[in-house]
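Residue numbers for the sequence shown follow this note's numbering, beginning at 593 and rising by one.
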Amino acid sequence: MEEEVTGSGGGIGRKMAAGEVDLKEKSGTAWSHSYLNQKPWHPLSYPNLRRKWIAEQVHANHARRQEEVQREFAQEQEFFRQTALFSKKDKEKVSKENVGKEMQ
């Protein structure tokens, strides 16, 4: 009966019967992966990983810039809403202060 568990292959069956299992440290190391990584369309090839990383960085920078622009626009709109409530004299005073800040 023990012979049936081990099979005719020998080594693998005995390890399984003894409870030993060989674990690969690195997954995806079949013989074909190095071949596939050389293909220009393979997602794990180094140039494609680099291209993907660059695209992610560009997207993150674009999103960060877009968020900053939206925040600045909201601040400007709030400023304009507040100044719309001022009297003419107060508006002139605020505009002079803003011109002075821009020149500095």
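No residue lacks a Cβ here, since even glycine has one placed at the ideal position from N, Cα and C.
Annotated three-state conformation of residue 667 is helix, per DSSP.
Straight through space, the alpha carbons of residue 661 and residue 642 are spaced by roughly 29 angstroms.
CA-CA distance, residue 687 to residue 669, rounds to 15 angstroms. The C-beta distance from residue 637 to residue 631 rounds to 7 angstroms, short enough to meet the 8 angstroms contact threshold.
Taking C-beta atoms as the reference points, residue 675 and residue 681 fail to come closer than 8 angstroms.
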